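**Q** Here you go, one structure.
2 protein chains.
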Amino acid sequence: MRYPDEVNAAEHSTLTPGDRATRTAGAKRVTIGDVAARAGVSKSAVSFVFNNRPGVSAAARERILRAADDLGWQPSARARALSRSRTQAVGLVIRREPELLSTDPFFPLFMAGVEIGLSEQNYSLVLQVVKDQHGERDAYERLARESRVDGVFLTDVRAGDTRPRDVAALGLSVVVVAPEDADTEADVVIGMDDAAGVRRAVHHLHSLGHRHIGHVMGVPGYVHTEARRRAWEDTLVELGLPVGPVVTADFTGSSGARATHELLDLPRPPSAIVYGNDLMAIAGISAATDRGIRVPEDLSVVGFDDIPLAPYIVPPLTTVRQNVVAWGTAAAQTLVSLVEGKQPPEIRLPSVEFVVRGSTGPTRHRRPS
Amino acid sequence: MRYPDEVNAAEHSTLTPGDRATRTAGAKRVTIGDVAARAGVSKSAVSFVFNNRPGVSAAARERILRAADDLGWQPSARARALSRSRTQAVGLVIRREPELLSTDPFFPLFMAGVEIGLSEQNYSLVLQVVKDQHGERDAYERLARESRVDGVFLTDVRAGDTRPRDVAALGLSVVVVAPEDADTEADVVIGMDDAAGVRRAVHHLHSLGHRHIGHVMGVPGYVHTEARRRAWEDTLVELGLPVGPVVTADFTGSSGARATHELLDLPRPPSAIVYGNDLMAIAGISAATDRGIRVPEDLSVVGFDDIPLAPYIVPPLTTVRQNVVAWGTAAAQTLVSLVEGKQPPEIRLPSVEFVVRGSTGPTRHRRPS
DNA sequence: CCTCCCCTTCAAACCGGTTTAATCATCGCG
DNA sequence: CGCGATGATTAAACCGGTTTGAAGGGGAGG
Chain R
149 MRYPDEVNAA
159 EHSTLTPGDR
169 ATRTAGAKRV
179 TIGDVAARAG
189 VSKSAVSFVF
199 NNRPGVSAAA
209 RERILRAADD
219 LGWQPSARAR
229 ALSRSRTQAV
239 GLVIRREPEL
249 LSTDPFFPLF
259 MAGVEIGLSE
269 QNYSLVLQVV
279 KDQHGERDAY
289 ERLARESRVD
299 GVFLTDVRAG
309 DTRPRDVAAL
319 GLSVVVVAPE
329 DADTEADVVI
339 GMDDAAGVRR
349 AVHHLHSLGH
359 RHIGHVMGVP
369 GYVHTEARRR
379 AWEDTLVELG
389 LPVGPVVTAD
399 FTGSSGARAT
409 HELLDLPRPP
419 SAIVYGNDLM
429 AIAGISAATD
439 RGIRVPEDLS
449 VVGFDDIPLA
459 PYIVPPLTTV
469 RQNVVAWGTA
479 AAQTLVSLVE
489 GKQPPEIRLP
499 SVEFVVRGST
509 GPTRHRRPS
Chain V
149 MRYPDEVNAA
159 EHSTLTPGDR
169 ATRTAGAKRV
179 TIGDVAARAG
189 VSKSAVSFVF
199 NNRPGVSAAA
209 RERILRAADD
219 LGWQPSARAR
229 ALSRSRTQAV
239 GLVIRREPEL
249 LSTDPFFPLF
259 MAGVEIGLSE
269 QNYSLVLQVV
279 KDQHGERDAY
289 ERLARESRVD
299 GVFLTDVRAG
309 DTRPRDVAAL
319 GLSVVVVAPE
329 DADTEADVVI
339 GMDDAAGVRR
349 AVHHLHSLGH
359 RHIGHVMGVP
369 GYVHTEARRR
379 AWEDTLVELG
389 LPVGPVVTAD
399 FTGSSGARAT
409 HELLDLPRPP
419 SAIVYGNDLM
429 AIAGISAATD
439 RGIRVPEDLS
449 VVGFDDIPLA
459 PYIVPPLTTV
469 RQNVVAWGTA
479 AAQTLVSLVE
489 GKQPPEIRLP
499 SVEFVVRGST
509 GPTRHRRPS
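Chains as they are written, first to last, in the working numbering: chain R, 149 to 517; chain V, 149 to 517.
As structure tokens, then:
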């Protein structure tokens, strides 16, 4: 695994990147032909063994495996991709504003989960980060036309989103990652019932005595935004409470702060607010604190995501937690099955959890109005 | 881009994934041969045009481009990879504990930056998330042996890290992503002088009257952890201040809280603490607040990263900001040059910023001891 | 008008696997 | 002992591009 020290030392001063490339290129790749020769069989035999198909005697298989091992050979993904017309790679296109990117709790965990599902099957993940819709369309187009991937995940789905069809028309398999009941044109949707978390949250606030519960929405149009809003609204109705004030925001901290001020400026401000994500909720706590409103004594706050920071802010944030890693793994397994034309596994995603911490508390008696 | 509605409707009920795969496979791929035929030239001519090499008349080039456009053809990355023995893809392996993954401000931004640098050159990014050192080694091994990528980024470098050599020995080009002065065995290191931010932070605290400044380190052994610690220490020495207490933590919120308690439990606790990242700093504020110690009146806090939440916690966090996106772009451009044997561009990374917010303030007179 | 040279153009080999179809050896059975 | 069936084995075609080397064509110079 190491170059001899003296070689490295000798080259160290004069070595330019170009030289290095040339040097490494010198090491001739070992191919299936070399393995076949060493095992005294044909290339086909080697291929058969490595794709475990019948038609090779136990003795031959044995020799082939040993030869491959001796030579440290592994089929080249490049060559295999060409002859099988399949890349064994899938794509994920992330569209995010820079502001939200580094704080988004979803994608890193989702990717980690996807990775688990993919590596089991020896698939790779090709990632693309774009900043607008235009870039996203181009990305899928390129991924498909250049045959870089066999399938893609679709996230951040909007109501009436045409991407599932568009992408399928490019010849790619598609798995849509969206809340369970999302209304999309997709064949396959993998999602959790995240609205359940919001319902639990509203019930929790109700049991603490809150009767006037507001909501700060994320970017309108996305199915997860709407699912959360609807869950909040439906639960209020179900509990016989008035549907409280809603303000539209965009998942950023600044929008969460602004929305909170709007709600607190109302003639009759809510005593509790359910936010579309943790970032807005935390910014909301900050906004309230700035106005001298104490959390949770004067205002209860519920977030969504359970980011790792949630327990460490003041007060610790009550929020909703999804198992995003499991979600990603399920999505990956499904997509691979789809690509290979197999029946996707029956998957049960773990349910959403509601985590009670310090940002929610009992209502006080009505403040003097 | 859409299937006729009636077709979709008819299939909707009975469609299984397997069927879909078969259906889409029916659409015959258009190849370089088709384009050549349509333009009335040989495949070579088409290839020449698309790799802009000389040897094709203007007229022919014109016809070829139009033919390709008409047919919507684009060279297949699969085929190109095989014949050029190059994938036009590079790899990034992320090793992170689940706890840190969703809160890590570095990787998403870095990836976004990398993406910018890569897409300019039509390269793709292959991502792998692993959870331990063993998985990481396997990941590089697989990436190289299966010829999935031409080069990789190396992050989270430790002092004396052998990965640069190991990976180069696999025949991959390598760019090491680490602070400027990192001591590694790599040919190419792309980094920022992030220690400068810590120096600025210590000077700032000094100017506010602090004379007793502690530090909470991240995971020991990493070059960025050590660079920050060293910057803190060197600056104290330079200012003629005693080198304050240091506690080792691991970049997680819980470790930051614990470390903070340790520092505050000291017979003579520091009046200011510099943390290795924002997450620990925020957890530190929370820990201090729990003990009735006010920030910044009783304790000043400085973080590192400037996560989007930093302005929205109470009090807003003073911290150090690096332009991670630019860093990623630079790393990507360098890696591509390396892969292609070209001279890497001369790159000037923007310098680190120090952002003063509310978590730092003047010292009060010495508290009764 | 003939050479020589340069520019275009293209057929064929190649990259490293997979897959098909044909050959060969073996074996059971009438 | 002959024959069809069965399983092992492999040569050759193929995936869709790139690259090489040779052939063809036109213009400048003598």
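We put the beta carbon where it would ideally sit given N, CA and C, even for glycine.
Values in this document were obtained by computation on a predicted structure and should not be read as measured data.
Just curious, the alpha helix (DSSP H) that residue 476 of chain R is in, first and last residue?
**A** To locate residue 476 of chain R, count along the first sequence from 1; it is residue 328. Note, residue 476 of chain R: alpha helix (DSSP H), 472-487.
**Q** Short of 7 Å Cβ to Cβ, which residues in the segment 250-275 of chain V face chain R?
**A** From the segment 250-275 of chain V, only 250, 251, 252, 253, 255, 256, 257, 259, 260, 263, 272, 273, 274 and 275 have a Cβ closer than 7 Å to chain R.
**Q** Quick check on the DSSP output: the beta strand (DSSP E) that includes residue 340 of chain V runs from which residue to which?
**A** By 1-based counting over the second sequence, the position of residue 340 of chain V is 192. Counting along the chain, residue 340 of chain V falls outside any beta strand (DSSP E), and DSSP gives it neither H nor E.
**Q** Could you tell me which uninterrupted alpha helix (DSSP H) segments, each at least 4 residues in length, are contained entirely in the segment 211-271 of chain R, listed from first to last along the chain?
**A** Listed in chain order, the complete alpha helix (DSSP H) runs (minimum 4 residues) inside the segment 211-271 of chain R are 225-232, 246-249 and 254-268.
**Q** So, does the CB of residue 353 of chain R fall closer than 8 Å to a CB anywhere in chain V?
**A** In the first sequence, residue 353 of chain R corresponds to position 205, counting from 1. Taking Cβ atoms only, chain V never reaches closer than 8 Å to residue 353 of chain R, which makes this a no.
**Q** Is any beta-carbon of chain R found at less than 8 Å from that of residue 288 of chain V?
**A** Looking up residue 288 of chain V in the second sequence gives position 140. Chain R contact via Cβ: absent.
**Q** Counting only beta-carbon atoms, is residue 448 of chain R nearer than 8 Å to chain V?
**A** Here residue 448 of chain R corresponds to residue number 300 of the first sequence, with the count starting at 1. Output row for residue 448 of chain R: interface = no.
**Q** Taking C-alpha atoms, which residue in R:288, R:294, R:307 and R:339 lies nearest to residue 314 of chain R?
**A** Here residue 314 of chain R corresponds to residue number 166 of the first sequence, with the count starting at 1. The shortest Cα separation from residue 314 of chain R among R:288, R:294, R:307 and R:339 belongs to R:288.
**Q** So the candidates are V:297, V:372 and V:282; which of them puts its Cα closest to the Cα of residue 470 of chain V?
**A** In the second sequence, counting from the first residue as 1, residue 470 of chain V sits at position 322. Nearest of V:297, V:372 and V:282 to residue 470 of chain V, Cα basis: V:372.
**Q** Using the Cβ count rule (16 or more neighbours within 10 Å means buried), how would you classify residue 170 of chain R?
**A** The residue given as residue 170 of chain R occupies position 22 in the first sequence. Because residue 170 of chain R carries a pLDDT of 37, less than 50, the predicted location of this residue cannot be relied on, and the following value inherits that uncertainty. The residue is exposed, with fewer than 16 neighbouring Cβ atoms inside 10 Å.
**Q** Measure the alpha-carbon distance for residue 389 of chain R versus residue 433 of chain R and round it to whole angstroms.
**A** On the first sequence, position 241 is the one that residue 389 of chain R refers to. On the first sequence, position 285 is the one that residue 433 of chain R refers to. Rounded to the nearest angstrom, the two C-alpha atoms are 24 Å apart.
**Q** Could you list which residues in chain R have their beta carbon closer than 7 Å to that of residue 222 of chain V, in chain order?
**A** Here residue 222 of chain V corresponds to residue number 74 of the second sequence, with the count starting at 1. Chain R residues near residue 222 of chain V: 293 and 294.
**Q** When you compare only the Cα positions, how much space is there between residue 204 of chain V and residue 188 of chain V?
**A** Residue 204 of chain V sits at position 56 when you count from the first residue of the second sequence. Residue 188 of chain V sits at position 40 when you count from the first residue of the second sequence. Going by the C-alpha atoms only, they are around 13 Å apart.
**Q** Within the 8 Å Cβ cut-off, does residue 312 of chain V reach chain R?
**A** Here residue 312 of chain V corresponds to residue number 164 of the second sequence, with the count starting at 1. Chain R, which has no Cβ nearer than 8 Å to the Cβ of residue 312 of chain V, makes this no.
**Q** In terms of alpha-carbon separation, which member of V:489, V:468 and V:474 lies closest to residue 504 of chain V?
**A** Position 356 of the second sequence, counted from the first residue, corresponds to residue 504 of chain V. Ranking the options by Cα distance to residue 504 of chain V, first place goes to V:468.
**Q** In or out: residue 456 of chain V buried (at least 16 other Cβ within 10 Å) or exposed?
**A** On the second sequence, position 308 is the one that residue 456 of chain V refers to. Buried: at least 16 other Cβ atoms inside 10 Å.
**Q** Starting from residue 469 of chain R, find everything on chain V with Cβ-Cβ shorter than 7 Å and list it in chain order.
**A** Position 321 of the first sequence, counted from the start, is the residue given in the question as residue 469 of chain R. None at all; the shortest Cβ gap to chain V is about 11 Å.
**Q** Using a C-beta to C-beta distance shorter than 7 Å, which residues of chain V count as neighbours of residue 457 of chain R?
**A** Position 309 of the first sequence, counting from 1, holds the residue named residue 457 of chain R. Those within 7 Å of residue 457 of chain R in chain V are 251, 401, 427, 430 and 457.
**Q** Taking only beta-carbon positions, decide if residue 509 of chain R is within less than 8 Å of chain V.
**A** The residue given as residue 509 of chain R occupies position 361 in the first sequence. No, residue 509 of chain R lies away from the interface with chain V (no Cβ there is under 8 Å from its Cβ).
**Q** Leaving out five residues on either side along the sequence, give the residues of the same chain with a beta carbon under 7 Å from the beta carbon of residue 474 of chain V.
**A** As a position in the second sequence, residue 474 of chain V is number 326, starting the count at 1. Within the same chain, residue 474 of chain V has close Cβ partners 261, 497 and 498.
**Q** Could you check which residue in V:368, V:483, V:356 and V:404 has the C-alpha nearest to that of residue 444 of chain V?
**A** Sequence index remark: in the second sequence, residue 444 of chain V carries index 296 (1-based). Ranking V:368, V:483, V:356 and V:404 by Cα distance to residue 444 of chain V puts V:356 first.
**Q** Whose C-alpha, out of R:340, R:241, R:267 and R:335, is nearest the C-alpha of residue 292 of chain R?
**A** For the purposes of this step, residue 292 of chain R is identified with residue 144 of the first sequence, where counting begins at 1. Comparing Cα positions, the closest option is R:241.
**Q** Just the Cα atoms here: how many angstroms apart are residue 460 of chain R and residue 401 of chain V?
**A** In the first sequence, residue 460 of chain R corresponds to position 312, counting from 1. In the second sequence, residue 401 of chain V corresponds to position 253, counting from 1. Rounded to the nearest angstrom, the two C-alpha atoms are 7 Å apart.
**Q** Return helix, strand or coil for residue 430 of chain V, following the three-state DSSP convention.
**A** Numbered from 1 along the second sequence, position 282 holds the residue referred to as residue 430 of chain V. In this structure, residue 430 of chain V counts as helix in the three-state DSSP scheme.
**Q** What residues of chain V sit near residue 277 of chain R, judged by a beta carbon separation below 7 Å?
**A** By 1-based counting over the first sequence, the position of residue 277 of chain R is 129. In chain order: 259, 260 and 263.
**Q** Do three or more CB pairs link the segment 184-198 of chain R to the segment 207-222 of chain R at distances below 8 Å?
**A** Touching, yes.
**Q** Kindly identify the DSSP beta-bridge partner or partners of residue 501 of chain V.
**A** Working through the second sequence from its first residue, we reach residue 501 of chain V at position 353. DSSP, once it has assigned bridges, lists V:469 as partnering residue 501 of chain V.
**Q** Of all the options R:316, R:353 and R:258, which has the alpha carbon lying nearest to the alpha carbon of residue 451 of chain R?
**A** In the first sequence, counting from the first residue as 1, residue 451 of chain R sits at position 303. It is R:353 whose Cα lies nearest to the Cα of residue 451 of chain R.
**Q** Relative to the C-alpha of residue 340 of chain R, which residue among R:478, R:180 and R:486 is closest?
**A** What you label residue 340 of chain R is simply residue 192 of the first sequence in a count that begins at 1. That would be R:478, whose Cα lies nearest to the Cα of residue 340 of chain R.
**Q** Comparing the C-beta of residue 302 of chain R with each C-beta of chain V, is any distance below 8 Å?
**A** One-based indexing of the first sequence puts residue 302 of chain R at position 154. By this cut-off, residue 302 of chain R is not an interface position.
**Q** Please identify the residue among V:286, V:304, V:486 and V:494 whose C-alpha is closest to the C-alpha of residue 375 of chain V.
**A** In the second sequence, residue 375 of chain V corresponds to position 227, counting from 1. Comparing Cα positions, the closest option is V:304.
**Q** Figure out for me which residue from R:178, R:182, R:454 and R:270 has the closest Cα to the Cα of residue 485 of chain R.
**A** Here residue 485 of chain R corresponds to residue number 337 of the first sequence, with the count starting at 1. The shortest Cα separation from residue 485 of chain R among R:178, R:182, R:454 and R:270 belongs to R:270.
**Q** Assuming contact is defined by CB atoms lying nearer than 8 Å, are residue 226 of chain V and residue 272 of chain R in contact in what I supplied?
**A** Position 78 of the second sequence, counted from the start, is the residue given in the question as residue 226 of chain V. Position 124 of the first sequence, counted from the start, is the residue given in the question as residue 272 of chain R. No.
**Q** Taking the straight line between their C-alpha atoms, what separation do you get for residue 237 of chain V and residue 290 of chain R?
**A** For the purposes of this step, residue 237 of chain V is taken as the residue at position 89 of the second sequence. For the purposes of this step, residue 290 of chain R is taken as the residue at position 142 of the first sequence. Roughly 14 Å between the two C-alpha positions.
**Q** Please list, in chain order, all residues of the same chain as residue 512 of chain V whose beta carbon is under 6 Å from its beta carbon, the five residues on each side excluded.
**A** Along the second sequence, one-based indexing puts residue 512 of chain V at 364. Nothing meets the Cβ criterion.
**Q** What does the Cβ neighbour count give for residue 144 of chain R, buried or exposed, with the cut at 16 atoms within 10 Å?
**A** With chain R covering 149 to 517 only, the question about residue 144 of chain R has no answer from this structure.
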